[in-house]
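Quick notes on the structure that follows.
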Amino acid sequence: MTEFIRFYQYLNWFKNFIIRLDLGYLGIQKDYVCKEVFIPEKSSKLHKLLDDEKLSNKDKAKDRIA
Numbered sequence: 722m723t724e725f726i727r728f729y730q731y732l733n734w735f736k737n738f739i740i741r742l743d744l745g746y747l748g749i750q751k752d753y754v755c756k757e758v759f760i761p762e763k764s765s766k767l768h769k770l771l772d773d774e775k776l777s778n779k780d781k782a783k784d785r786i787a
């Protein structure tokens with residue numbers, strides 16, 4: 722990781738924001754400080770999503786797009 726990228730991670734860009742993201746940004750909580758982060762639940766071959774998790778993901782997607 723270059724010094725340039727490290728510098729920008731410590732500026733706390735999202736410190737005062739509520740962030741709604743898709744699964745492509747799973748690592749943002751490790752890299753940045755956020756007020757609150759909404760990311761959908763992830764499924765896998767071994768762990769299929771429950772109906773409640775699917776509904777939650779749909780609600781998060783609606784809020785993210787709107």
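Each residue of the sequence shown is one higher than the last, beginning at 722 in the numbering used here.
No residue lacks a Cβ here, since even glycine has one placed at the ideal position from N, Cα and C.
Quick caveat: nothing in here was measured; it's all calculated off a predicted structure.
Annotated three-state conformation of I786 is helix, per DSSP.
Boundaries of the alpha helix (DSSP H) harbouring I749: I749 to D752, taken from the DSSP string. Per the DSSP secondary-structure output, I740 pairs in a beta bridge with V758.
Assignment of S777 by DSSP, reduced to helix, strand and coil, places it in the helix class. At the C-beta level, P761 and K781 come within 8 Å of one another.
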